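In terms of the numbering used here, the sequence shown is numbered consecutively and its last residue is 795.
Taking it in order: structure first as structure tokens, then the write-up.
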Amino acid sequence: MVNIEIDGIPLKVDSTKMIIQAADEAGIDIPRFCYHKKLSIAANCRMCLIEVDSARKALPACATPVTEGMKVFTHSKIAMAAQRGVMEFLLINHPLDCPICDQGGECELQDLSMGYGAGISRFNEGKRVVQDKNIGPLIQTDMTRCIQCTRCVRFGEEVAGIKELGSTGRGETMEIGTYIESSLISELSGNIIDLCPVGALTSKPFRYRARAWELTAHPSIAPHDAAGSHIEFHTRGNEVMRVVPRDNDSINESWISDRDRFSYSALTHEQRVTTPMIKQDGQWQETDWQTALQAAIDGLNTVKAKYGTEQIAGLISPTATLEEAYLFQKLLRGMDINNIDHRLREQSFADQGCDYNSEDWCLGDIDHSDDIVLVGCNIRAEQPIIAHRIRQAAYHGATVTNINFFATDLLMPVDKEVTVNAKVMLETLAGIATALHGLAQDEDSKWTELLADIVPTALEQTIAMQLANAVQATLFVGALANHHPQAAKIRALTHLIAQLSNSHIIVLPEANSKAVSLAGAMPEQQLSANGDEDVQAALNSQQMWQQCLRAYVLFGIEPEWDVADPAQAQYALHDASFVLSMNSYVTDSMLAYADVILPIASFAETSGTFIGIDGQWQSFTGAVAPRGESRPGWKVLRVLANLAEIAGIDFVASEDVRDEVKDQLNLQSARSPSFYVPDDLLFEMDLMAISEVPMYQIDGVVRRSEALQQTPANLLSKKARMNTQEAARYSLSDVESVSIKQNNKTSTVPFEIDDAIADGCIYLAAGLNETAQLAAGFSAVTITAKQVEVAD
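Here it is, written out as structure tokens:
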């Protein structure tokens, strides 16, 4: 610590601080453009020039470290003259287009020019003009406004992990742009909109839609992944106009993903359902809420009386709030319906009820990890904010190992890229566990028997050694592993590795699935009035579809895109006697299989609670009123329960529901954790389809965001891909598209060769229209020269 003085105010500050940081902590304002607390120091705008008593000229506050006894003057004649001189130079070439600039009203240059700019310009030469670049569907460029602060450049290199923007030219000819004309591909690219201190980089979907002073800010939580990023809805009237980040250093710092930023445009999509609908004599009719709710209860009661409650199933989206999930299961179980699940894309349930995740772990622990292993995880697509934190750890020396079905550019230093097919993944994990081992002393261990014949490779031994020697290691199990038919074995092996190496293990959940699970929306778990869990035999989501039950209750899901086996799900729904769908959107497919459609509010229109990956309970309120006649999902479920005459559901506010869930969880008796040990580690396959859900197809809101659908990442996901060796093996080297056939239905998708794909695999994304009628993800496929046929 050192003693300094700023504007006569004595301060004791950390000796590693810069003057601008010390001033910010003391609440002393120093103007700046290039400085940002989360980026490296560039000192190229010079707007923060200040006077230091021992210096012969003004110094940049952002790049001058504090020293003992230093005296700083931020508003002296020298400081003010320097700051005004810098402002004059910045305004020489700046266009006078504030009235039409989207940054108007929140522009840092506009604000500071009022305090430091001259009333009349002395410059009478021609101003420079910079041609605008098209850098994709998300960000609008007006580069004549650019003041070369390089915040956007530094963000790409230091935070996003890819230097997509850079400076070319010198002096007056210097420009910020892409080196080759192309769209930005980073999943965090939208953050440069917030970073830009002028109107050079603005939101393309928001362009010319509203002025800053017309907007009202509403704090909320992002719903599309498990990070629980803090966001802010900016609304005008009853419409969300844009989404921006809120600072929260423990979760998302100052950033949000493009998925969280731009998905709001789907709130006004043409497929929004805003009126209750019932099907009568095969024809859809809009109706009032009372009629629709009664029709829903009558339909369920009819099936219940005729076939029994075991012939009814309820499936809820993992994006649902805690309150919606709790009331969903409470409604169904109140009607003696126990087939309830939210694990829509999973196919392996052998370890049902096992909670592998390390206790007392938080997102901030990633920063301190020195060894990170990703298992079946495309972390950039699945959890962009968590990927950012892993990237920062890698920059600070953490070793990263990526074990996956295809190589992914993680935009960070990766120590080992292990690309394997599903069979080899089990062998690889088993090899790492055997190398760590220490099980030889335990003669009764089932793991000892399973691993007895495993001989670790040199690579597996090296990975094991790194885990064993790490001070704090973390293993992440991602969606690709969790959606695999052998997911239980993958999770069990990863958990064993974590135990043997004393590492953290985090099985990455989908969206709000942690809360949905805690609320009891699973077949083996029910929260009862005294807090005990009532374990009953019931079907999981896969069994619900396979057994073609007589009635289905769907909440927030579109089975043609949201489940593991969309073809089987659609067959079961069309074969059912009654289908109740509660959703914010309506599709042609839904109109074909549903009997009652109840419109529910979107995530921006309801209150609720999300629980993040690290267990933080985060409640939020609606930013706008529900669209049309739609209503918050928890209210719809409450009224349905009242009509079904289920006692104990008389909540007035969503907070009442949340508090009851908390009370019941507190009443639960502590249980010893149980972990799954498989009977074998066998998995036979020939050619397997890698069924990844693309980043911008993850849920009903995201896939209806027009801007996100136009991004390069989304367009690439629609292509089937194989490596060169496999393509040659099946005579596909010169093929531009392939036909995929299953259940006598054919779908044609573009095809390209990609050597990032593991041997014995073909990348075939799920969650797309092109694959909605095909078999379950990660199924075996057979190939002819010009046709890919999914094996039955």
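Every residue, glycine too, gets a C-beta built ideally from N, C-alpha and C.
This one's a predicted model, so the numbers in the text were calculated from it and none came from an experiment.
Local conformation of residue i per DSSP, three classes
i, result
"Ala203", "coil"
"Val538", "In this predicted model, Val538 has a pLDDT of only 45, less than 50, meaning its place in the structure is not dependable; the value taken from the coordinates is given anyway. DSSP places Val538 in coil when its eight states are reduced to three."
"Cys51", "coil"
"Arg630", "coil"
"Arg154", "helix"
"Pro562", "helix"
"Trp292", "helix"
"His487", "coil"
"Asp17", "coil"
"Pro512", "coil"
"Trp364", "coil"
"Leu442", "With a pLDDT of only 46 at Leu442, under 50, the local geometry of the prediction cannot be trusted, and no value is derived from it."
"His507", "strand"
"Gln619", "coil"
"Ala436", "helix"
"Ser520", "helix"
"Asn533", "Only weak support exists for where Asn533 lies, its pLDDT of 46 falling under 50; the coordinates are left without a value."
"Leu478", "strand"
"Asn717", "helix"
"Lys492", "helix"
"Asn586", "strand"
"Glu111", "helix"
"Tyr555", "strand"
Boundaries of the beta strand (DSSP E) in which residue i is found, first to last residue
i, result
"Gly317", "Ile315 to Ile319"
"Pro602", "Val599 to Pro602"
"Ser170", "Gly169 to Thr171"
"His233", "His233 to Arg239"
"Ser223", "Thr219 to Ile224"
"Gln143", "Ile142 to Thr144"
Range of the contiguous alpha helix (DSSP H) that encloses residue i
i, result
"Phe92", "Lys80 to Ile95"
"Phe265", "Asp261 to Phe265"
"Ala26", "Ile22 to Glu28"
"Pro569", "Pro569 to Asp578"
"Lys638", "Gly636 to Leu646"
"Gln3", "Limits of the chain in this structure are 4 at one end and 795 at the other, which puts residue 3 out of reach."
"Val664", "Ser657 to Leu670"
"Met547", "Ser544 to Gln549"
"Gly780", "Element bounds for Gly780: n/a, residue is neither H nor E."
"Lys333", "Leu325 to Gly337"
"Met593", "Asp591 to Tyr596"
"Tyr766", "Tyr766 -> not in any alpha helix (DSSP H); beta strand (DSSP E) instead, spanning Cys764 to Tyr766."
Closest residue to residue i among the options (Cα-Cα distance)
i, options, result
"Trp548", "Phe236, Gly770 and Leu576", "Leu576"
"Arg392", "Ser185, Asn255 and Asp228", "Asn255"
"Asp412", "Pro562, Glu190 and Val69", "Glu190"
"Ala522", "Pro200, Leu330 and Asn137", "Leu330"
"Val243", "Ser192, Ile44, Asp252 and Ala215", "Ala215"
"Ala723", "Val704, Asp702, Thr714 and Asp758", "Asp758"
"Glu178", "Ala203, Ser361, Arg239 and Ile95", "Ala203"
"His272", "Ile693, Tyr588 and Arg59", "Tyr588"
"Ser253", "Gly174, Ile369, Gln700 and His227", "Ile369"
"Ser232", "Pro512, Pro715 and Gln386", "Gln386"
"Leu93", "Lys20, Cys65, Ser124 and Gln106", "Ser124"
"Leu187", "Ala710, Ala761, Val741 and Glu755", "Ala710"
"Arg275", "Met593, Gln621, Asp653 and Pro416", "Met593"
"Gln314", "Arg706, Ala26, Leu552 and Gln728", "Leu552"
"Ser351", "Asn543, Ala64 and Thr714", "Asn543"
"Ala514", "Gly618, Ala455 and Leu453", "Gly618"
Nearest-angstrom Cβ-Cβ length linking residue i and residue j, presumed shorter than 8 Å
i, j, result
"Glu167", "Thr181", "6 Å"
"His345", "Ser516", "6 Å"
"Asp135", "Met146", "6 Å"
"Ile560", "Ser320", "5 Å"
"Ile388", "Ala230", "4 Å"
"Val582", "Tyr555", "5 Å"
message: Does the contact criterion of 3 or more C-beta pairs under 8 Å hold for the segment 602-617 versus the segment 625-642?
response: yes
- prompt: If we count Cβ pairs, one from each stretch, closer than 8 Å, do we get three or more for the segment 747-758 versus the segment 774-783?
  reply: yes
query: Should the segment 297-308 be regarded as contacting the segment 483-491, the criterion being three or more beta carbon pairs within less than 8 Å?
result: no
query: Hey, is the segment 148-160 in contact with the segment 196-213, meaning 3+ C-beta pairs nearer than 8 Å?
result: Taking 8 Å as the limit for Cβ pairs, the verdict is that the segment 196-213 does touch the segment 148-160.
- prompt: On the three-pair Cβ rule with 8 Å, is the segment 502-518 touching the segment 469-478?
  reply: yes
query: Taking contact to mean at least 3 C-beta pairs separated by less than 8 Å, is the segment 48-56 in contact with the segment 84-98?
result: yes
message: Whether or not the segment 57-75 and the segment 4-14 are in contact is what I'm after, with contact meaning three or more pairs of Cβ atoms, one per stretch, closer than 8 Å; do they touch?
response: Contact between the segment 4-14 and the segment 57-75 is present, because at least three Cβ pairs lie under 8 Å.
task: Could you tell me whether the segment 332-342 touches the segment 424-444, where touching means 3 or more Cβ pairs closer than 8 Å?
output: Taking one beta carbon from each stretch, the segment 332-342 and the segment 424-444 have fewer than 3 pairs nearer than 8 Å; the two do not touch.
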